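Undergrad: Here it is, the structure, as structure tokens.
Listed below in structure tokens is the structure:
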């Protein structure tokens, strides 16, 4: 491992900063691909749902936990399950 990586906070810190830059509005973001009318509409619905259901205090409480202590959130899974976007296939 390079000494400069360790001096700058290590790989975990670097991954968090890159993710924050790309995903939290701190940077240019991920590429926006045209998924066609149906795919684009689903993407916008998912973004709106996450803004309403995975933001504010709920997300802050989850984000405050160390990564190793984050666990499956059954309430969140039930909430997203109500959208019909996830399910079991047998």
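Residue numbers (the working numbering): 1429 to 1518.
All C-beta atoms, glycine included, are put in the ideal place defined by N, C-alpha and C.
This structure is a prediction, so every number in the text was calculated from the model and none was measured.
1) Would you grab the beta carbon distance between residue 1482 and residue 1511 for me? Rounded to a whole angstrom, and I think it's under 8 Å.
2) From residue 1480 to residue 1464, what distance separates their C-alpha atoms?
3) Measuring straight from C-alpha to C-alpha, what distance separates residue 1466 and residue 1473?
4) Rounded to a whole number of angstroms, what is the C-alpha to C-alpha distance between residue 1499 and residue 1438?
5) Leaving out the 5 sequence neighbours to the left and right, which residues in its chain are closer than 6 Å to residue 1509 when beta-carbon positions are compared?
TA: Quick answer:
1) Residue mapping note: residue 1482 aligns to position 54 of the chain shown, counting from 1. Residue mapping note: residue 1511 aligns to position 83 of the chain shown, counting from 1. About 12 Å; that fails the 8 Å criterion.
2) Counted from its first residue, the chain shown places residue 1480 at position 52. Counted from its first residue, the chain shown places residue 1464 at position 36. Distance between the alpha carbons of residue 1480 and residue 1464 is about 24 Å.
3) Looking up residue 1466 in the chain shown gives position 38. Looking up residue 1473 in the chain shown gives position 45. Approximately 11 Å, taken between the alpha carbons.
4) Numbered from 1 along the chain shown, position 71 holds the residue referred to as residue 1499. Numbered from 1 along the chain shown, position 10 holds the residue referred to as residue 1438. Roughly 24 Å between the two C-alpha positions.
5) For the purposes of this step, residue 1509 is taken as the residue at position 81 of the chain shown. Excluding residues within five positions, none has a Cβ falling inside 6 Å.
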